[in-house]
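Trainee: Protein chains in written order, with the working numbering: chain A, 2 to 110; chain B, 15 to 129.
The beta-carbon is built from N, C-alpha and C at its ideal position, and this holds for glycine as well.
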Amino acid sequence: QKEVEQDPGPLSVPEGAIVSLNCTYSNSAFQYFMWYRQYSRKGPELLMYTYSSGNKEDGRFTAQVDKSSKYISLFIRDSQPSDSATYLCAKQGAQKLVFGQGTRLTINP
Amino acid sequence: DTGVSQDPRHKITKRGQNVTFRCDPISEHNRLYWYRQTLGQGPEFLTYFQNEAQLEKSRLLSDRFSAERPKGSFSTLEIQRTEQGDSAMYLCASSLASQPGNTIYFGEGSWLTVV
């Protein structure tokens, strides 16, 4: 079993829709959880990180961690075509990141 | 631009040749990481440095791979006797150890194609 599991998609939604991206993880010895956005043939760009459980909001993006169920979510409100990218969840512990497979998201105008 | 810089961005090489990638981290960052990413997969950890000390290496880092960070600033990743399976994007990242959550910032990557 991979430490971080993420549905690779692809996921395609119309512009303006609310997008929900999810990951599960298997090792509880991690405290920080990250979401990165990666455009085609570019490096990952940090979107948000959260510590412990709960929600964190930044503009149209909300990151949520549920440690009891080992579930990580990213919500995108009012999605835009420019949000089309691969979204990577990651957990951080022992000095390094462990990534999920990434979900490829397309927002259709 | 004060982000993580990688060079070259693209490299095509013949099987059996050696290649070297360079990474310049964000200037005040003392940690530097190398990751590898293949198509459709998330980045996989290879190794990391704190200042000039290489503190951890993944089992993915075979004997043909070597990384250095001689003065605690830039780093190089060398792949000897390249194989087709080495074709991937090699990502460098850096962080400042004292930051909350040790936030890790990535460069744009170096694409390697072995033919």
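1. DSSP puts Ser124 (chain B) in a beta bridge; with which residues?
2. With 8 Å set as the bound, which would you pick, yes or no: does the beta-carbon of Thr117 (chain B) sit closer than that to a beta-carbon of chain A?
3. Is it true that the CB of Leu12 (chain A) sits closer than 8 Å to the CB of Thr104 (chain A)?
4. Going by Cα to Cα distance, which pick from A:Ile19, A:Lys3, A:Ser21 and A:Leu48 is closest to Phe34 (chain A)?
5. Applying the 10 Å Cβ sphere with the 16-neighbour rule, what's the burial state of Ile108 (chain A)?
6. Give a yes or no on whether 8 Å exceeds the smallest Cβ distance from Pro11 (chain A) to chain B.
7. Answer yes if the stretch 82 to 97 of chain B comes into contact with the stretch 58 to 67 of chain B, meaning at least three C-beta pairs across the two stretches below 8 Å, and no otherwise.
8. Using a beta-carbon distance cut-off of less than 7 Å, what residues from the stretch 82 to 98 of chain A approach chain B?
9. Can you find at least 3 beta carbon pairs, one from the stretch 75 to 84 of chain B and one from the stretch 17 to 24 of chain B, that sit closer than 8 Å?
10. I'd like to know whether the C-beta atoms of His43 (chain B) and Leu110 (chain B) end up nearer to each other than 8 Å.
11. Roughly how many angstroms lie between the CA atoms of Ile73 (chain A) and Tyr50 (chain A), to the nearest whole one?
12. Exposed or buried, which one is Ile77 (chain A) when buried takes at least 16 other CB atoms within 10 Å?
13. Compare the C-beta of Glu66 (chain B) against all C-beta atoms of chain A and say whether one is closer than 8 Å.
14. Can you check whether the C-beta of Pro15 (chain A) is within less than 8 Å of a C-beta belonging to chain B?
15. For a test of the three-state rule: what should DSSP assign to Asn109 (chain A), helix, strand or coil?
16. Could you give the uninterrupted runs of the beta strand (DSSP E) lying entirely in the stretch 16 to 86 of chain A, keeping only those of 3 residues or more?
17. Name the chain A residues that come within less than 9 Å of Leu105 (chain B), Cβ to Cβ?
18. Which of helix, strand or coil does DSSP assign to Gln55 (chain B)?
19. Taking the beta strand (DSSP E) that Thr34 (chain B) falls in, what are its first and last residues?
20. If you follow the beta strand (DSSP E) that Lys97 (chain A) is in, where does it begin and where does it stop?
21. For Ile27 (chain B), I'd like the list of residues in its chain whose CB is within less than 8 Å of its CB, leaving aside the five on either flank, ordered along the chain.
Mentor: With the structure as the only source:
1. Locating residue 124 (chain B) in the second sequence gives position 110, where the first residue counts as 1. Paired residue(s): B:Tyr104.
2. By 1-based counting over the second sequence, the position of residue 117 (chain B) is 103. Thr117 (chain B) counts as touching chain A.
3. For the purposes of this step, residue 104 (chain A) is identified with residue 103 of the first sequence, where counting begins at 1. For the purposes of this step, residue 12 (chain A) is identified with residue 11 of the first sequence, where counting begins at 1. In this structure, Leu12 (chain A) lies closer than 8 Å to Thr104 (chain A) by Cβ.
4. As a working mapping, residue 34 (chain A) is identified with position 33 in the first sequence. Closest by alpha carbon: A:Leu48.
5. Here residue 108 (chain A) refers to the residue found at position 107 of the first sequence. That one is buried.
6. Here residue 11 (chain A) refers to the residue found at position 10 of the first sequence. No - not a single Cβ of chain B is within 8 Å of the one on Pro11 (chain A).
7. Yes, the stretch 58 to 67 of chain B is in contact with the stretch 82 to 97 of chain B.
8. Result list: Leu89, Gln93, Gln96, Lys97 and Leu98.
9. Contact fails: fewer than three Cβ-Cβ distances are below 8 Å.
10. Stepping through the second sequence from its first residue, residue 43 (chain B) is reached at position 29. Stepping through the second sequence from its first residue, residue 110 (chain B) is reached at position 96. In this structure, Leu110 (chain B) lies closer than 8 Å to His43 (chain B) by Cβ.
11. Position 72 of the first sequence, counted from the first residue, corresponds to residue 73 (chain A). Position 49 of the first sequence, counted from the first residue, corresponds to residue 50 (chain A). Rounded to whole angstroms, Ile73 (chain A) to Tyr50 (chain A) spans 11 Å at the Cα level.
12. Residue numbering aside, residue 77 (chain A) sits at position 76 when the first sequence is read from its first letter. With 16 or more other Cβ atoms within 10 Å, it is buried.
13. Stepping through the second sequence from its first residue, residue 66 (chain B) is reached at position 52. Closer than 8 Å: no.
14. Along the first sequence, read from residue 1 onward, the residue named residue 15 (chain A) stands at position 14. It does not; no Cβ of chain B falls within 8 Å.
15. In the first sequence, the residue the question calls residue 109 (chain A) occupies position 108. Of the three classes helix, strand and coil, the one that applies to Asn109 (chain A) here is strand, per DSSP.
16. For the stretch 16 to 86 of chain A, whole beta strand (DSSP E) runs of length 3 or above, ordered along the chain, are 20 to 26, 33 to 39, 46 to 52, 55 to 59, 62 to 67 and 72 to 77.
17. As a position in the second sequence, residue 105 (chain B) is number 91, starting the count at 1. The answer, in chain order, is Gly44 and Pro45.
18. In the second sequence, residue 55 (chain B) corresponds to position 41, counting from 1. It is coil, neither helix nor strand.
19. Along the second sequence, read from residue 1 onward, the residue named residue 34 (chain B) stands at position 20. Where Thr34 (chain B) is concerned, the enclosing beta strand (DSSP E) stretches over Val33 to Asp38.
20. Here residue 97 (chain A) is taken as the residue at index 96 of the first sequence, counted from 1. Here the beta strand (DSSP E) through Lys97 (chain A) covers Lys97 to Phe100.
21. By one-based count along the second sequence, residue 27 (chain B) stands at place 13. The sequence given here has Thr at residue 27 (chain B), not Ile. Once the five neighbours on either side are set aside, the close Cβ partners of Thr27 (chain B) are Val33, Thr96, Leu126, Thr127, Val128 and Val129.
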